[in-house]
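Colleague:
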Amino acid sequence: MTPSRRVLLQLGLLLAAAASWPAAAGQCEPGTLAPGVALCCTFRLPTAICCRALVHSVTVGGGTGCLCRLAAERVVINTALNATDLLRLYATCAPPSSGGVAPSSCDDDGGASRAAAEPPSSAFDPCAPAALADQMGLFCGLPGGPNAPCCLAVVAAVQLGGGDEPCFCRTARLASAVGGARGLIDLYAACGGLSTDRASHLASTCPLMS
């Protein structure tokens, strides 16, 4: 099995696990963010790629309470990571300019994480295009070609539904850092996409992108 096929298989398993769990309110989207954290932080070390995933999750998720919600996702539980691990790693990773001190447990945030866990009143959007585009911007330009967190976001954009407009189109509109729709198609192929024709077809249906 080629490396790209192995990456795609791993991403497929992670996406399948994440899809079975409930959606998050606001900007913290566990179904989108948790698989990347699980992949990048498996060894419980504050490596550069793990730190990128954690800082990204806290930034787009509205604070460290988002990490508490990621820790409850099955895809993270399966790696034996817990909330204490994620908060400890983030405290090591967080840039000095972020200010404040990361809580050491999910009970130290004044109940913010519990309040954030309330289900949204509107219908869940499984696409989360802004989070996917941000993840591509963070990971798809790193040296060495497409990596697992990059491919996770790219494959999700091609395969996930959500709304009247395809997830691919909504993500491509925000993914200028990777070249928009054309860049997504090229990345999907590089990540071992099983059908680049599907991505090309999606691009042809996107308003103002055909």
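Residues -25 to -1, 1 to 185 in mature numbering (1 follows the signal peptide of the UniProt record, and there is no 0) are what the sequence shown spells out, letter by letter.
All C-beta atoms, glycine included, are put in the ideal place defined by N, C-alpha and C.
Looking at the structure shown, is Ala164 part of a helix, part of a strand, or coil, going by DSSP?
Modeller: Here Ala164 sits in helix by DSSP.
Colleague: Go to Cys81, then tell me how far its alpha helix (DSSP H) extends in each direction, as first and last residue.
Modeller: Premise fails: Cys81 is in no alpha helix (DSSP H) and is neither H nor E.
Colleague: Say whether the stretch 101 to 110 touches the stretch 121 to 136, bearing in mind that this needs 3 or more beta-carbon pairs closer than 8 Å, one atom from each stretch.
Modeller: Verdict: yes, contact present.
Colleague: Given Leu61, which residues of its chain have a CB within under 6 Å of its CB, disregarding the five upstream and five downstream residues?
Modeller: Within the same chain, Leu61 has close Cβ partners Leu42 and Ala46.
Colleague: Work out the CA separation of Tyr163 and Thr54 for me, nearest whole Å.
Modeller: Between Thr54 and Tyr163, the C-alpha separation is close to 26 Å.
Colleague: Provide the residue span of the alpha helix (DSSP H) that contains Gln134, from first to last.
Modeller: Gln134 -> alpha helix (DSSP H) spans Ala123 to Gln134.
Colleague: What is the DSSP secondary structure of Gly155, counted as helix, strand or coil?
Modeller: If DSSP states are grouped into helix, strand and coil, Gly155 belongs with the helices.
Colleague: Look at the alpha carbon of Val30 and the alpha carbon of Ala69, and state the distance between them as a whole number of angstroms.
Modeller: The alpha-carbon atoms of Val30 and Ala69 are separated by roughly 7 Å.
Colleague: Given a cut-off of 7 Å on the beta-carbon distance, is the pair Leu177 and Pro141 in contact?
Modeller: A contact, by the Cβ cut-off of 7 Å.
Colleague: Tell me which residue opens and which closes the alpha helix (DSSP H) that Gly112 is part of.
Modeller: Gly112 -> alpha helix (DSSP H) spans Pro104 to Phe114.
Colleague: So, for Cys125: in the same chain, excluding its five sequence neighbours on each side, which residues have a beta-carbon less than 8 Å away from its beta-carbon?
Modeller: Contacts found: Gln110, Met111, Phe114, Cys115, Leu117, Leu162 and Cys166.
Colleague: Roughly how many angstroms separate the alpha carbons of residue 199 and Arg49, rounded to a whole number?
Modeller: Residue coverage of the chain in this structure runs from -25 to 185, which leaves residue 199 outside it and unanswerable.
Colleague: Using a Cβ-Cβ cutoff of less than 7 Å, which residues in the same chain neighbour Val173 once the five nearest sequence positions on both sides are dropped?
Modeller: Before going on, a small fix: residue 173 reads as Arg here, not Val. Val133.
Colleague: Select from Phe143, Ile52 and Cys15 the residue whose C-alpha is nearest the C-alpha of Ala123.
Modeller: Comparing Cα positions, the closest option is Cys15.
Colleague: When the Cα atoms are used, what is the spatial distance from Leu159 to Thr171?
Modeller: Approximately 10 Å between the Cα atoms of the pair.
Colleague: Relative to the alpha-carbon of Pro78, which residue among Ile52, Arg145 and Thr39 has its alpha-carbon at the smallest distance?
Modeller: The residue with the shortest Cα to Cα distance from Pro78 is Thr39.
Colleague: Just verifying my parser: in three-state terms, what is the DSSP assignment at Gly21?
Modeller: Strictly speaking, residue 21 in this sequence is Pro, with Gly absent from that position. Here Pro21 sits in coil by DSSP.
Colleague: For Ala147, is the classification buried or exposed, using 16 other Cβ atoms within 10 angstroms of its Cβ as the cut-off for buried?
Modeller: Looking at its Cβ environment, which holds 16 or more other Cβ atoms inside 10 Å, Ala147 is buried.
Colleague: Quick one: using the 10 Å Cβ neighbour count with 16 as the cut-off for buried, is Phe18 buried or exposed?
Modeller: The residue is exposed, with fewer than 16 neighbouring Cβ atoms inside 10 Å.
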